[in-house]
Amino acid sequence: MNSIAKTTTRSKKTRRLDPVQVMRADQYEALDVETKVECIRALIPLGLMHVQALLEAEVCTLAGARYARKAPHFPGRRHGSNPGSVRLAGQQGPLLIPRVRQADGEEEIPLATLPVFREQGFLDDVLLKRVLYGISCRNYEVAAAAVPGAMGLSSSTVSRAFTQASAKQLQALQDRDLSTLDLVAIFLDGKTFADMTMVVAMGIGRTGKKHILGFVETGTENEPVLTAFLQSLSDRGVEVSQGLLVIIDGGKGLRAAVRQAWGASALVQRCQWHKRENVVRYLPKGEQAHWRTRLQRAYRQPTYEQARKALARLQQDLERRNHSAARSLAEGMEETLTLHRLGVFPLLGESFKTTNCLESINAMVEERCAKVDRWVNSSQRQCWLAAALRDIEPRLRRVKGYRHLPKLRVALQRDLNIKGTTASKVA
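With our numbering applied, the sequence shown corresponds to residues 1148 to 1574, in that order.
This is how it looks when you write it as structure tokens:
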């Protein structure tokens, strides 16, 4: 018997299949549109089949197997079916919905499984992203036709659903608790929507993580509106008592608002790029490149003394060439050198000497909102901006030089005469 068993074992060949490869979300996102459509085409019918099976299983528990209507121990009886639909992968799929009535009456027994597959929340998330990423409300029904049997949504339905979903995003952004954040810097910059300006605030945590704090809509960057906005950030939990670096483009309204709202707890770093462009615009176009290079060279100096000396020489030269340009350079010059004065420019200058961190986010907002032909009202503008910012935020990388942010905190507290405390907040 042993020899037979051995022979059988040797003659039998076992084929091992490769392990099943599970696709990750990022791998799926990297697929081209055609491949994604093929995946959906393959999976939606299978999903509908299983939904139908789940509904049938629930009917069996309520009314028994088919043709067992008179069984006395079941609370219900089968009552045919109606054409209906469920939502899978953000699409409405047609399905026959079985019905059950009470065994001793005419009252319908609702199926507990059905509402789960009719919830709008997941569809709202999918629809929100699709509209943000470029599918217009008018073309949404056509896009849904890529899935066989899917029931496309009309443009008015999509518009209403997007409005509701984006309103939730706006509410979530406005109600966000900021008291758990340990911020060392805040960027403030405006984004134009038609004839209105949205001033966005982005905080930088102690570990370099970027946090969208909120925004305010205003006709111009005027002090009263912006002061109230900054105070509202404090009311929601933004802590400035440990010192804060505020990076702005140099607008007088923003500067006055920072002073009014946060006073001696914040230092301002004015954007060096905006300062440079404001100066050279007073000069003839043929000379702008030369002066721009000189300004860049001056701001690249590693220490405060060197940078201040280079800018002073440049200002003297500009006095002889164009008095208005020289006066523009002198206005607020010290606040363009805040990082130099704190001694952290070589470590953190790349990230904090300009408002580019926030302007790059504004550019991503523009990509998502550029398709809007007409801004109708404030609610539309704010909902679109909130939806775009909430979509962008998880993708943001930490600022360059984030390992040196504790040094910035120490330098701020030293300059502002603040006694440091140990914080246990989210960075």
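Just so you know, even glycine gets a beta-carbon here, dropped at the ideal spot from N, CA and C. As the structure is a computational prediction, the values presented were derived from the model and not from experiment.
Give the straight-line distance between the Cα atoms of residue i and residue j, rounded to the nearest whole angstrom.
i	j	result
residue 1412	residue 1555	14 Å
residue 1224	residue 1259	16 Å
residue 1214	residue 1244	18 Å
residue 1141	residue 1316	Given that the chain is displayed from residue 1148 to residue 1574, the structure contains no residue 1141 and the question cannot be resolved.
residue 1461	residue 1566	38 Å
residue 1544	residue 1498	12 Å
residue 1549	residue 1483	21 Å
residue 1295	residue 1194	Per-residue confidence for residue 1295 stands at a pLDDT of 45, beneath the threshold of 50, marking its modelled position as unreliable; the derived number appears in the next sentence. Taking the straight line from one Cα to the other gives about 13 Å.
residue 1387	residue 1380	10 Å
residue 1196	residue 1205	15 Å
residue 1527	residue 1221	52 Å
residue 1478	residue 1335	20 Å
residue 1239	residue 1382	43 Å
residue 1512	residue 1398	22 Å
residue 1390	residue 1559	6 Å
residue 1350	residue 1533	16 Å
residue 1262	residue 1202	11 Å
residue 1514	residue 1422	27 Å
With a 10 Å radius around its C-beta and 16 neighbouring C-beta atoms as the bar for buried, classify residue i as buried or exposed.
i	result
residue 1357	buried
residue 1227	exposed
residue 1432	exposed
residue 1326	exposed
residue 1507	exposed
residue 1453	exposed
residue 1525	exposed
residue 1396	buried
residue 1252	exposed
residue 1501	buried
residue 1416	buried
Only counting the same chain, and skipping five residues up and downstream in sequence, which positions put a Cβ closer than 6 Å to that of residue i?
i	result
residue 1488	1451
residue 1365	1344, 1372
residue 1370	1400, 1403, 1404
On a CA-only basis, which of the options is nearest residue i? Give me that one, please.
i	options	result
residue 1485	1464, 1449, 1210, 1192	1449
residue 1480	1442, 1233, 1513	1442
residue 1355	1254, 1399, 1495	1495
residue 1657	1210, 1307, 1177, 1342	Because the chain spans 1148 through 1574 in this model, residue 1657 falls outside it and cannot be assessed.
residue 1233	1222, 1220, 1264	1264
residue 1472	1457, 1455, 1500, 1435	1435
residue 1557	1515, 1392, 1425	1392
residue 1404	1377, 1533, 1363	1377
residue 1437	1465, 1309, 1551	1465
residue 1474	1313, 1425, 1492, 1250	1425
residue 1408	1529, 1542, 1310, 1372	1372
residue 1344	1367, 1351, 1230	1367
residue 1249	1208, 1458, 1229	1208
residue 1531	1212, 1203, 1192, 1308	1308
residue 1529	1310, 1352, 1423, 1328	1310
Given residue i, which residues of its chain have a CB within under 8 Å of its CB, disregarding the five upstream and five downstream residues?
i	result
residue 1537	1316, 1319, 1320, 1359
Is residue i close to the ligand MN? I mean its beta-carbon at under 7 Å from any heavy atom of the ligand.
i	result
residue 1255	Absence of the ligand MN from the depicted structure is noted, as is the absence of any ligand whatsoever, leaving it without description.
query = Residue ranges of each alpha helix (DSSP H) run of no fewer than 4 residues wholly in the region 1385-1440, ordered along the chain?
reply = 1399-1409, 1419-1427
message = I'd like the ranges of any alpha helix (DSSP H) spanning at least 4 consecutive residues and lying wholly in the region 1475-1527.
response = 1480-1483, 1485-1489, 1492-1499, 1503-1516
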